[in-house]
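Numbering (numbering that gives the first Met the number 0) for the sequence shown: 0 to 487.
Glycine included, C-beta positions come from ideal geometry on N, C-alpha and C.
No experiment lies behind these values; they were computed from the predicted model shown.
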Amino acid sequence: MAATALGLIGVQTIVRLPGIAPPVLSSPGTGTIYFDESSGVFMVSQDGSVYSNLVGGSGAPSGWTSDPGVVRLTTITDRVGVGTATPAVGTKLNVIGVGRFDVTGGKFEIGTVDAFAREQLWFTGLNSVLRLGADAADGDPSSIDSEGAIVYHPTGDQAARIKADRFGLTRASDSSLYYFRADETALFYRANPPGGAVHFYVDRTTGFVGLGSSAPAAAELLRVVGSARVEGDVLIPPANALDTTAAGGLKLGTTTATSIAIGNPAGGLSTLQVFINQGGAAVLGSNAGLQFSSTTANRGACRMNQFGANAGVPGITGFKSRGATVGALASCVVGDVLFRATAVGIPADNASFPLAGWLGIQVPTAGVGANYLATEFEVRLTPLAGPINGHKQAFLVGSDGKLHGREAANTFAGVAVLGAAGTVVVGNAQVTATTKFQLSVQDAGPAPTGMVYQSARVAATSFTIASSAGAADAGVAVYYQLWEPTAP
């Protein structure tokens with residue numbers, strides 16, 4: 000070995016270097032080579048850098064080959080382990096711990112552990128995009144197992160999938176069918192049990208919505224199959240209607256509703272309210288099934304309109320059956336009211352709801368035939384003297400047309416007996432200056448010998464009946480009726 004003029008050493012024989020511990024790193028601008036006693040390889044420090052394998056020596060090869068512009072595994076089938084000496088079979092790179100790739104303005108992390116010891120994948124950065132996709136479709140678009148990104152629950156029972164044109168959620172018990180899915184055609188939610196009917200459906204093309212149905216018809220912006228609960232107002236424009244899909248009855252409140260109100264509630268001003276009472280609640284003193292209310296003149300009235308070139312009759316019909324259920328037929332009995340129009344008003348106390356009177360048609364005694372009902376017509380009125388709910392039968396027309404009138408004090412009819420002088424004074428507050436009297440002799444007393452007539456009156460107090468025969472007609476029974484002319 001000899002030194003040259005340039006300070007180089009020429010070696011023409013074998014040089015043996017003993018293994019030593021790592022010496023101090025080289026100084027900048029110099030280099031150091033030594034044989035490492037622990038690893039059995041030549042190590043080099045260049046220009047103050049850390050020691051690295053020089054050529055592999057007699058130890059294990061580095062496993063990497065540096066080609067121009069490329070650093071690669073020397074043996075293509077080798078596996079790389081970072082943080083592990085046994086990288087998993089079938090992997091090219093197995094990282095144990097946090098892996099981080101810094102990119103301009105952001106970062107990509109795999110295996111970050113949060114405060115709950117959960118591993119995470121992060122891709123963050125300014126205007127960053129994480130792209131996942133497939134080159135081509137490889138399965139049934141209705142199946143969770145076709146192409147796309149799938150996120151599984153640790154049990155494997157639940158999964159979410161994102162692909163180019165859809166997002167879906169499923170469970171293993173749903174046989175790979177989505178229970179929730181949104182794609183280019185629709186959004187829907189499928190009910191339990193697994194694979195059950197679609198409960199919520201939105202058609203993306205038309206915007207139509209189905210609840211309990213996956214097939215809203217073209218004319219149905221919303222189709223609900225089953226019961227629906229709305230807590231709030233349902234607003235329908237004036238030009239539209241609430242209707243049935245086919246001929247049949249439109250049912251409101253047939254299950255649990257005790258009443259149905261159409262219009263403003265009680266206390267509303269100048270608007271019509273229709274109250275349908277199914278629960279028997281007392282409203283304004285009545286449990287009537289149907290009530291109309293309004294502060295506008297004539298709005299509280301009910302008018303029936305009949306049109307058409309036919310024999311149809313407008314009016315109100317009463318129907319009576321003693322059947323136990325709606326629609327069941329069972330015979331009426333004597334005294335049953337078939338129709339009644341009732342009058343109620345508020346008196347001076349501004350609080351009571353007295354029954355003032357009514358018109359009624361009912362079944363009389365012996366009026367139930369094999370296939371018919373006899374009827375009688377009754378008018379009940381409350382006298383001027385009252386009392387509350389003191390309505391009396393004013394008159395009744397029997398089933399054969401016979402008129403029955405009320406005979407009592409201060410009524411329109413009665414019987415008076417002539418006294419010893421052949422006269423009688425009948426007290427009656429109904430008498431006026433224009434009252435007309437109709438008299439006839441009854442068989443309850445002797446026959447008159449003279450002419451019986453109305454001889455005098457005191458308005459609001461009484462009238463007098465007399466006989467032209469005077470005392471000779473004492474005891475004669477006279478029936479009277481009072482009539483008052485109507486306004487011209």
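query: Does the distance from the CB of L372 to the CB of C331 come in under 9 angstroms?
result: Result yes, Cβ atoms of L372 and C331 sit closer than 9 angstroms.
message: Quick check on the DSSP output: the beta strand (DSSP E) that includes A412 runs from which residue to which?
response: A412 to V416
query: For G252, which residues from the same chain have a beta carbon less than 8 angstroms from its beta carbon, with the 5 sequence-adjacent residues on both sides left out?
result: Only S258, I259, I275 and Q277 meet the Cβ criterion.
query: When DSSP labels each residue in this structure, what does D156 get in the three-state scheme?
result: coil
Straight-line gap, V199 to I360 (C-alpha atoms, nearest Å): Looking at the sequence provided, one finds Phe at residue 199 rather than Val. Near 55 angstroms, if we compare the C-alpha coordinates of I360 and F199.
- request: Evaluate the contact criterion for the segment 35-44 versus the segment 16-23: three or more CB pairs, one atom per stretch, below 8 angstroms.
  value: yes
query: If you draw a straight line from the alpha carbon of D399 to that of V424, how long is it in whole angstroms?
result: Approximately 35 angstroms, taken between the alpha carbons.
message: For H198, report the span of its beta strand (DSSP E) as first-last.
response: Its beta strand (DSSP E) spans residues V197 to D202.
message: Starting from K391, trace the beta strand (DSSP E) in both directions and tell me its first and last residue.
response: K391 to V396
task: Please work out which residues of its chain come closer than 8 angstroms, Cβ to Cβ, to P86, disregarding the five sequence neighbours upstream and downstream, and give them in chain order.
output: R78, V79, G80, L92 and N93
Per DSSP, cross-strand counterpart(s) of E108: R99 and W121
message: Y479 and G413 - do their beta-carbons sit closer together than 9 angstroms?
response: Contact: yes.
- prompt: Around the C-beta of K250, are 16 or more other C-beta atoms found within 10 angstroms, so that it is buried, or is it exposed?
  reply: By the neighbour-count definition (other C-beta atoms within 10 Å, threshold 16), K250 is an exposed residue.
query: So what does I360 bridge to, in DSSP terms?
result: Bridge partners of I360: F338 and F376.
task: Buried or exposed for V273, please, with buried defined as at least 16 other CB atoms from any protein chain shown within 10 angstroms of its CB.
output: exposed
message: Here's the rule I'm using: 16 or more other beta-carbon atoms within 10 Å means buried, otherwise exposed. How should Y50 be labelled?
response: buried
message: Rounding to the nearest angstrom, what Cα-Cα distance links W357 and P215 in this structure?
response: 53 angstroms
- prompt: DSSP three-state call for G206: helix, strand or coil?
  reply: Coil.
- request: Return the first residue and the last residue of the beta strand (DSSP E) that G492 is part of.
  value: Past the edges of the chain, shown from 0 to 487, lies residue 492, and the structure says nothing about it.
field: Close Cβ partners of P363 (< 8 angstroms) along its chain, the five nearest in sequence each way excluded
entry: V333, A373, T374, E375, G397 and S398
- prompt: With DSSP run on the structure shown, which of helix, strand or coil describes A238?
  reply: DSSP places A238 in coil when its eight states are reduced to three.
- request: Measure the beta-carbon distance from L220 to F207 and round it to whole angstroms, keeping in mind my assumption that it falls under 8 angstroms.
  value: Confirmed, about 6 angstroms.
query: Leaving out the 5 sequence neighbours to the left and right, which residues in its chain are closer than 6 angstroms to R321 when beta-carbon positions are compared?
result: Excluding residues within five positions, the ones whose Cβ falls inside 6 angstroms are A329.
message: Taking contact to mean 3 or more Cβ pairs, one atom from each stretch, closer than 8 angstroms, check whether the segment 279-298 and the segment 306-317 are in contact.
response: no
Buried or exposed by the 16-neighbour rule on C-beta atoms within 10 Å, applied to P447: buried
Those runs of the beta strand (DSSP E) which lie wholly inside the segment 275-355 and span at least 3 residues: 289-292 and 336-343
query: Residues in its own chain within less than 8 angstroms of F152 by CB, not counting five upstream and five downstream?
result: Correcting the residue identity first, residue 152 is His in this sequence and not Phe. Closer than 8 angstroms at the Cβ level, and outside the excluded window around H152, lie A158.
message: Taking the alpha-carbon of I75 as reference, which of G68, A84, T64 and G82 has the nearest alpha-carbon?
response: Looking at the Cα atoms, T64 is the closest of the given residues.
message: 9 angstroms is my cut-off, CB to CB: does Q45 come that close to chain C?
response: In the displayed structure, chain C is absent; only one protein chain is listed.
- request: Would you give the residue range spanned by the beta strand (DSSP E) that F115 belongs to?
  value: Segment: none, F115 is in no beta strand (DSSP E) and carries neither H nor E.
message: According to DSSP, is D472 part of a helix, a strand, or is it coil?
response: Looking at D472 - three-state DSSP - the assignment turns out to be helix.
- request: Output the boundary residues of the beta strand (DSSP E) element that contains A465.
  value: S461 to S466
- request: Return the residue from the list G28, L283, D242 and N409 that minimises the CA-CA distance to G426.
  value: N409
query: Looking at S454 and A465, is the spacing between their C-beta atoms short of 9 angstroms?
result: yes
- request: State the beta-bridge partners of N93 as determined by DSSP.
  value: N93 pairs with G80.
message: Can you give me the C-alpha to C-alpha distance between Y178 and I95, rounded to a whole angstrom?
response: 36 angstroms
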